[in-house]
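4 protein chains.
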Amino acid sequence: MSKVIKNGTIVTADRQWKADVLIEGEHIAEIGENLTGDEVIDASDAYVIPGGIDPHTHLEMPFMGTTAAETFESGTFAAAAGGTTMLVDFCLPGEDGSLLNAIDDWDRKSKDQICTDISYHMAITGWSESIFDEMQKVVQERGINTFKHFMAYKGALMIEDDEMFASFKRCAELGALPLVHAENGDIVQELQQKYLAEGITGPEGHAYSRPPEVEGEAANRAIMIADAAGCPLYIVHVSCEQAHEAIRRARQKGMRVYGEPLIQHLTLDESEYFNKDWQYAARRVMSPPFRSKDHQNGLWNGLAAGSLQVVATDHAAFTDEQKRMGVDNFAMIPNGTGGLEERMAMLWTKGVETGRLTPEEFVAVTSTNIAKILNIYPMKGGIAVGGHADVVVWDPSIHRTVSVATQKSIIDYNVFEGMELKAAPRFTLSRGDVIWAHGQNSQPQPGRGKFIKRPPNASAAKALSKWKALNTPRKIERDPLNIPAGI
Amino acid sequence: MSKVIKNGTIVTADRQWKADVLIEGEHIAEIGENLTGDEVIDASDAYVIPGGIDPHTHLEMPFMGTTAAETFESGTFAAAAGGTTMLVDFCLPGEDGSLLNAIDDWDRKSKDQICTDISYHMAITGWSESIFDEMQKVVQERGINTFKHFMAYKGALMIEDDEMFASFKRCAELGALPLVHAENGDIVQELQQKYLAEGITGPEGHAYSRPPEVEGEAANRAIMIADAAGCPLYIVHVSCEQAHEAIRRARQKGMRVYGEPLIQHLTLDESEYFNKDWQYAARRVMSPPFRSKDHQNGLWNGLAAGSLQVVATDHAAFTDEQKRMGVDNFAMIPNGTGGLEERMAMLWTKGVETGRLTPEEFVAVTSTNIAKILNIYPMKGGIAVGGHADVVVWDPSIHRTVSVATQKSIIDYNVFEGMELKAAPRFTLSRGDVIWAHGQNSQPQPGRGKFIKRPPNASAAKALSKWKALNTPRKIERDPLNIPAGI
Amino acid sequence: MSKVIKNGTIVTADRQWKADVLIEGEHIAEIGENLTGDEVIDASDAYVIPGGIDPHTHLEMPFMGTTAAETFESGTFAAAAGGTTMLVDFCLPGEDGSLLNAIDDWDRKSKDQICTDISYHMAITGWSESIFDEMQKVVQERGINTFKHFMAYKGALMIEDDEMFASFKRCAELGALPLVHAENGDIVQELQQKYLAEGITGPEGHAYSRPPEVEGEAANRAIMIADAAGCPLYIVHVSCEQAHEAIRRARQKGMRVYGEPLIQHLTLDESEYFNKDWQYAARRVMSPPFRSKDHQNGLWNGLAAGSLQVVATDHAAFTDEQKRMGVDNFAMIPNGTGGLEERMAMLWTKGVETGRLTPEEFVAVTSTNIAKILNIYPMKGGIAVGGHADVVVWDPSIHRTVSVATQKSIIDYNVFEGMELKAAPRFTLSRGDVIWAHGQNSQPQPGRGKFIKRPPNASAAKALSKWKALNTPRKIERDPLNIPAGI
Amino acid sequence: MSKVIKNGTIVTADRQWKADVLIEGEHIAEIGENLTGDEVIDASDAYVIPGGIDPHTHLEMPFMGTTAAETFESGTFAAAAGGTTMLVDFCLPGEDGSLLNAIDDWDRKSKDQICTDISYHMAITGWSESIFDEMQKVVQERGINTFKHFMAYKGALMIEDDEMFASFKRCAELGALPLVHAENGDIVQELQQKYLAEGITGPEGHAYSRPPEVEGEAANRAIMIADAAGCPLYIVHVSCEQAHEAIRRARQKGMRVYGEPLIQHLTLDESEYFNKDWQYAARRVMSPPFRSKDHQNGLWNGLAAGSLQVVATDHAAFTDEQKRMGVDNFAMIPNGTGGLEERMAMLWTKGVETGRLTPEEFVAVTSTNIAKILNIYPMKGGIAVGGHADVVVWDPSIHRTVSVATQKSIIDYNVFEGMELKAAPRFTLSRGDVIWAHGQNSQPQPGRGKFIKRPPNASAAKALSKWKALNTPRKIERDPLNIPAGI
Ligand SMILES: [Zn+2]
Ligand SMILES: [Zn+2]
Ligand SMILES: [Zn+2]
Ligand SMILES: [Zn+2]
Ligand SMILES: [Zn+2]
Ligand SMILES: [Zn+2]
Ligand SMILES: [Zn+2]
Ligand SMILES: [Zn+2]
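Residue numbers (UniProt numbering), protein chains in the order written: chain A, 1 to 487; chain B, 1 to 487; chain C, 1 to 487; chain D, 1 to 487.
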């Protein structure tokens with residue numbers, strides 16, 4: 001049974017035009033004028049855009065002694081309600097350290113729950129020969145071409161520079177892309193102790209102990225290591241000018257570095273942590289913390305300039321009760337906030353409606369760019385014949401106010417509470433299925449989502465390999481007569 | 001009669017994939033596997049890319065007391081032979097100062113000669129109410145959405161800052177895009193006089209009198225003026241880090257500024273002017289002059305980073321005899337070199353074959369980006385159903401050495417003489433016609449090219465207008481009691 | 001009769017140490033422990049610093065249809081009361097355009113009035129052979145080694161780029177230093193008209209029409225011109241990051257560029273112009289206008305980093321009545337504010353007391369650096385045997401609140417009204433005379449001040465000349481056989 | 001018995017003037033015209049400058065399995081012959097890890113040998129409570145106010161980020177200044193292994209394995225850590241733009257960071273390592289390695305701009321035989337070169353004689369700035385009444401060619417061999433003694449040199465402490481009603 005999305009204005013990362021979209025099964029079959037199908041989806045007065053891709057979520061993640069409350073079901077349904085049709089979750093090795101076992105675990109958790117498609121980034125939280133070996137299988141057998149590295153969370157997820165170098169080199173060999181959480185974990189820990197010792201135990205201490213310089217430093221370091229290892233690099237949750245500047249410097253030298261700001265950092269600022277209500281402030285605790293308005297402006301400009309490429313959420317939702325684990329010590333507050341449902345509408349409202357971003361740029365940073373980086377474009381992230389029919393009918397006439405009362409997320413608050421959103425999905429389609437229809441009491445369809453395999457060797461990685469091979473240092477050939485005997 | 005381009009790998013600015021392209025008449029009708037048509041164009045082992053767009057040429061331009069030797073016929077045929085299917089020439093007002101008359105003149109010259117499609121940028125070389133009025137007609141009636149401003153060539157084409165501001169504001173109102181030739185014309189003239197007075201009369205004086213700082217200054221100034229006027233800006237022939245840095249600074253502040261390096265500046269350096277053979281050096285005289293290797297590296301990196309968007313040629317070809325007008329005075333050497341035929345193959349050779357650029361980036365900077373900037377995408381600059389069938393079968397197995405003996409350009413030398421090119425068009429199609437076929441003795445088809453109208457209000461201009469309107473300074477309302485009487 | 005300043009801590013730009021200062025006549029005769037003299041000046045619990053030098057004042061200046069109200073008498077007495085013992089006023093050519101006549105005029109006005117020493121910067125407000133000729137006499141006969149150039153005030157003081165280049169070249173020949181007021185006068189005028197046309201007639205329009213980008217542009221342009229002309233450059237009243245960044249870029253390339261922030265820009269911000277009381281806002285109208293806190297922070301950091309060297313006032317005091325000339329049109333409000341009396345104490349309070357500056361840096365930026373730049377160190381600007389006894393006993397225990405009621409300035413308000421100052425001169429000595437003693441009802445001593453001649457060829461100018469001569473472009477010698485005949 | 005230096009031109013960091021210098025015993029007693037003394041030292045046609053201070057030497061240092069061949073005697077005598085009257089050597093803890101014992105060791109080695117005055121920087125090569133405790137004694141009892149931290153030499157001297165933070169915090173408490181060798185030791189080791197594995201065993205591998213990005217990264221990291229710890233920072237042997245840029249960024253944010261380029265990096269470039277003669281290349285092996293001309297230019301510009309403050313040598317001289325320890329493996333070549341004797345004359349020749357530096361800047365970067373940083377100015381580093389009579393009569397008419405045959409250094413080569421030096425000391429005085437007289441067969445006077453104690457709390461450190469205290473984050477006070485119960 002075919003569907004046709006009629007009378008909308010398609011917006012892609014390249015352009016806008018009026019056309020209908022014909023869907024046959026899971027795929028887009030045709031784009032053009034006056035198309036017909038078995039079922040008509042009305043897009044009059046609306047845009048037709050690629051389904052959003054959120055490349056940074058932590059659903060049901062075991063972390064800081066608890067587990068993120070958002071489930072694969074609630075999370076993917078919230079995503080769908082917000083216009084996001086794919087997310088990439090972070091898969092963390094368990095106690096046995098095995099990457100493959102971790103993937104199996106994640107599959108078990110997600111498989112029967114997911115309403116949208118998903119993928120994983122594989123975390124490298126240590127280094128060993130077996131990890132070196134498993135990485136190949138992760139890429140070639142499991143279809144995961146990205147590896148995450150934590151430069152913070154000392155004593156838990158954090159790894160050292162030589163381990164990063166080893167893993168990055170392995171990524172270069174495999175055509176995979178390393179990701180980093182860039183904060184200097186040593187210094188974060190030292191500052192946490194310093195502020196706690198000074199009696200600063202509230203959520204403001206979280207912000208104080210993770211200042212922008214500490215993030216910028218780590219970003220700069222990761223970039224150097226990637227350059228030395230000969231691979232591209234993707235820096236998650238870029239929140240400040242220091243990190244952004246490091247990315248710009250790198251790109252200006254021809255390095256292939258990508259930066260991902262979060263919707264939270266684009267729209268909320270550090271004053272949230274100074275709220276007199278502990279719970280209010282604790283709900284906003286995430287790493288890196290929110291920054292000042294100047295940093296925000298820099299991030300927005302970077303999206304327009306192309307020095308930053310992707311807007312994500314780092315969705316890691318903990319309940320009020322979980323947050324209270326840190327009532328006496330900010331360092332014990334589980335790090336994370338929500339945003340999966342609001343990401344696209346917040347970005348539209350604060351970006352497109354203000355003229356900071358064009359509609360095309362909105363599409364680029366919510367789906368297309370990351371699809372290219374993840375090497376799944378245009379299966380995902382485009383409106384392309386042959387690609388998956390992950391399509392959103394995006395309606396700028398639906399305005400609503402964010403409220404915990406109406407959200408799909410499982411948790412008991414919303415960091416965007418009370419903000420007005422100036423667009424929403426009229427329909428969200430995932431591989432041809434309508435999984436969300438505005439005002440029609442849509443329900444989660446757990447288990448219909450699929451895991452999407454991603455091949456290695458994206459175009460930028462291939463070009464970089466070629467350049468590095470051409471420019472590798474060469475041995476100086478010396479006449480043995482000009483080499484003395486050793487001692 | 002339909003044509004099908006079979007068995008190639010399509011490369012667009014977004015991606016690469018194997019598919020056939022079906023052409024009906026002037027347009028692309030279908031893209032897919034196993035297509036059939038009346039005529040088959042073999043693209044086996046080759047890429048299928050959008051026809052190149054060179055947005056910067058001066059064919060038959062009256063300049064510096066002579067007229068550029070390259071004709072619309074020879075120029076557009078050279079273009080076709082090199083894989084370029086559209087060029088944008090600079091239309092200069094004549095003695096009466098009328099923009100519309102100048103367009104008529106240019107039409108007269110080009111109409112019966114052009115083998116490929118063309119458009120014009122309209123030059124603003126002075127300011128008056130009639131120019132203000134004519135600009136509207138140029139945009140709305142003549143289909144030209146770009147206006148060129150010369151900050152150099154004092155006493156001839158150069159205009160002053162207040163004139164630029166007035167013209168840029170007019171561009172903002174009309175949804176048009178201003179372009180600038182960025183060099184400080186006052187200082188260039190002073191330095192010319194200084195070096196001539198010191199007895200430096202040879203072509204090296206051309207380079208000395210137009211140093212990078214002089215270009216960077218003007219770029220920076222134009223950017224400020226565009227920001228104040230509220231319009232985007234396109235800087236032609238960006239040759240140096242100073243100008244590039246000004247562009248990066250602007251983009252980082254959210255300004256909409258584009259930069260266009262030339263293939264010459266990407267591949268040739270200032271040492272050319274120090275050649276002991278006067279004629280050799282004089283042939284390379286163009287403005288800005290070639291720069292050092294460091295500047296070159298910066299330009300390449302900018303193409304990959306996205307801080308520069310377009311590679312052009314500034315093709316303005318003067319014969320050896322014409323160049324000799326300046327044998328006693330470098331300032332009298334007609335400024336300009338060729339490149340229309342070599343642009344795409346040089347960029348491929350030095351860019352894609354080295355890994356500096358991906359194939360997608362190659363397409364972006366040779367056609368797609370400029371098509372978007374000029375607001376004609378994807379009619380031009382893409383491989384898109386419904387778009388013009390301006391398509392090149394790009395064959396990386398055809399290697400050749402640049403030689404004046406085999407070039408299509410009318411002039412008697414080639415600044416790339418002797419360089420090896422590692423790709424060439426197997427076929428060049430313009431609106432469905434094969435206008436160049438490798439090894440088949442293709443001939444010019446003058447008069448078949450068309451003038452392409454370009455609508456105003458590209459997406460970036462619209463977004464910028466919205467942002468500027470939202471952020472315009474507001475009057476402070478004061479109680480009359482708080483305002484004293486005047487004196 | 002000798003004087004000895006006893007028991008103080010001397011602070012110079014280099015160091016702090018406890019020592020006495022013996023003064024014989026106009027000069028410092030000895031520095032050491034346990035000195036004795038005919039008269040003792042008590043410096044216990046105080047610092048002993050070089051008298052301040054304010055290199056930027058406009059006393060009794062004819063400007064914008066009126067004349068600055070501060071006289072040479074009231075201005076130099078206010079200076080003395082604030083610890084400043086020398087100022088450099090801007091000498092503007094009159095209608096006849098003669099530089100020498102202007103100096104005579106300024107001498108006439110100042111001679112019998114000045115309580116402290118003074119010098120002049122000579123303004124170049126046009127270009128001609130007679131100006132070229134007079135410049136030599138100004139330097140060699142009149143002892144003025146600095147020339148001021150206005151890039152703003154179009155139609156009045158402003159000059160064009162080629163004129164600046166000519167004047168800067170002349171400065172290079174004479175070993176003189178050019179100064180610039182850096183704002184793009186064309187664009188300022190255009191923006192004034194734009195905002196007036198939009199009905200923004202109040203003082204906020206002054207700020208809107210002179211945005212930071214407009215200043216940064218001009219700074220950048222002046223730097224390029226100085227580099228091309230081969231001379232150092234001094235940029236007055238640097239108010240914003242854009243201009244500061246241009247200075248940093250230049251210095252980083254080895255250019256000899258200096259920047260002078262004003263005490264007003266370091267301590268007051270743009271919100272002053274949004275005050276609901278017109279007169280309040282109008283009093284603060286000066287060019288460049290005050291900026292945001294971010295710009296302020298940049299300026300402070302530049303003083304510590306050495307990218308900015310001098311803190312001045314641009315003291316140009318107009319009365320409330322004079323300000324009302326612009327009640328219907330902000331562009332008619334006479335530009336200028338006061339600060340001569342408060343400069344040193346404000347800088348100490350906001351700089352040294354906060355730890356932003358060391359005491360040594362305070363001395364450097366209030367006197368020593370400018371004395372070196374003006375080539376009169378250590379006659380002025382130091383505590384040195386043989387130098388002028390321009391010395392201040394600086395007492396951090398004297399706190400006071402700025403008030404128009406107690407100020408020495410002639411005008412009827414104070415832009416720092418109500419601020420607490422955490423230091424003041426206990427005694428101010430000018431060439432050995434006590435011209436201000438705290439709490440002792442000191443009175444002006446008009447006519448005792450002297451005009452100080454300043455020789456050309458400061459050390460930096462000499463070094464730059466040598467470097468430029470070594471690195472000047474060289475003619476390429478070509479065999480006549482390799483040069484064709486002309487046409 | 002007094003001495004008078006007659007008829008010279010004194011040059012200090014501030015100024016040049018003609019005056020005589022009277023020396024009584026170890027100190028300067030008077031500066032003025034027509035002075036007389038028991039002994040006359042002729043300075044006609046010469047400059048009189050402060051004795052040079054080289055703050056970076058490694059005499060008789062145990063390192064990489066051998067011991068630097070230059071002794072305290074030969075090193076300090078070479079220094080004197082070159083115009084350097086004080087050096088600061090790096091004191092490394094021995095196997096017991098004790099700082100105080102290490103100082104005793106260093107004293108034992110140096111005491112009877114030194115011809116000039118010396119001091120030590122104390123190295124922190126690990127972290128423990130006893131080191132924490134000993135640091136106080138090092139500062140308060142031993143007169144050492146600087147602590148060196150190695151970010152490279154993994155497995156030997158290198159320490160981790162948390163250790164650096166702890167040590168820097170301790171420095172902040174003690175008013176001491178941390179120094180860093182900034183290279184990422186993890187990545188250096190990885191790159192060494194990589195290039196060795198590829199068969200690159202020659203000295204070029206040394207350069208390849210320590211690229212500029214690796215140095216820039218570490219500089220950036222150390223700066224962040226110092227900022228977090230609240231202390232100033234001194235970065236030794238800044239060799240490249242990446243590190244220099246990190247310093248500029250920091251200074252521009254108001255951080256107190258100093259950079260020290262070496263005379264070798266200012267004058268020699270990376271091509272030295274590509275020499276076909278192994279021994280030639282191996283002699284130049286030091287860390288960081290020499291860089292390209294672009295980096296050199298940046299360093300020179302930084303000295304003039306003030307973003308770099310000190311020129312040192314890192315004198316660590318190993319013989320040809322010692323260098324041959326690495327004949328099969330560049331990583332085994334002892335790191336170090338000489339320069340103590342040539343530093344001042346090389347800098348004068350390439351700096352002052354070319355106009356890159358003024359004579360005053362030459363003095364500043366060879367002695368005055370480091371004396372201020374080390375908090376011993378003007379006892380050392382100036383020509384000041386009461387200061388040590390460490391004075392050089394600097395004669396720009398003595399030209400000589402560097403040659404191992406005539407050098408004072410003990411080793412068997414000279415990295416500046418064959419270069420022409422355009423100035424030399426006519427006389428070098430150390431605390432009033434003539435320790436070198438040109439052409440008079442001066443001999444070493446071992447044991448006359450003294451260890452110079454340096455007090456903590458230099459002015460910049462005090463100001464920074466004040467600023468940090470004022471700007472420390474504050475606890476948010478929350479009503480207990482607004483803090484939930486924990487879980
Ligand atoms: Zn993270
Ligand atoms: Zn995360
Ligand atoms: Zn041009
Ligand atoms: Zn052109
Ligand atoms: Zn001014
Ligand atoms: Zn002024
Ligand atoms: Zn070192
Ligand atoms: Zn060292």
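Even for Gly, the Cβ is constructed at its ideal location relative to N, Cα and C. Computed from a predicted structure; not experimentally measured.
Reduced DSSP category for C120 of chain C - H, G, I as helix; E, B as strand; rest coil:
First, the amino acid is wrong: residue 120 of chain C is Tyr here, not Cys. DSSP places Y120 of chain C in strand when its eight states are reduced to three.
Delimiting residues of the alpha helix (DSSP H) encompassing G82 of chain D:
72-82
I'd like to check one pair, A81 of chain D with T341 of chain D: are the Cβ atoms closer than 8 angstroms?
A small fix is needed here, since residue 341 of chain D is Glu in this sequence, not Thr. Yes, they are a contact pair.
Could you list the residues in the stretch 452-465 of chain B with a C-beta less than 8 angstroms from some C-beta on chain A, going in chain order?
S459, A460, K462, A463, L464, S465
Contacting residues, own chain, Cβ-Cβ under 8 angstroms from I103 of chain A (five flanking each side not counted):
C91, Y120, M122, V138, R142, I144
Near-chain A residues of the stretch 240-263 of chain B (beta-carbon distance less than 8 angstroms), N- to C-terminal order
R248, R251, Q252, K253, G254, R256
Contact list for I49 of chain C against chain G, beta-carbon separation under 8 angstroms:
Of the protein chains in this structure, namely A, B, C and D, none is chain G.
Can you list the residues of chain C that A305 of chain D reaches, using a CB-CB cut of under 7 angstroms?
R251, Q252
Supposed close pair A226 of chain D, N184 of chain D - CB separation, criterion 8 angstroms:
Not a contact, Cβ separation roughly 17 angstroms.
For a contact meaning CB atoms closer than 7 angstroms, what does D294 of chain D contact in chain A?
By Cβ distance, chain A contributes nothing, its closest Cβ being about 13 angstroms from D294 of chain D, past 7 angstroms.
Please check if any C-beta of chain A sits within less than 8 angstroms of the C-beta of Y377 of chain B.
Interface residue, yes.
Based on Cα-Cα distance, which residue from B:S98, B:V214, B:S209 lies nearest to M151 of chain B?
B:V214
How is the beta strand (DSSP E) around R426 of chain C delimited, first residue to last?
424-430
Helix, strand or coil for V20 of chain B per DSSP?
The question names Val, yet the displayed sequence has Asp at residue 20 of chain B. If DSSP states are grouped into helix, strand and coil, D20 of chain B belongs with the strands.
Express the C-alpha separation of E134 of chain B and P93 of chain B in angstroms, rounding to a whole number.
12 angstroms
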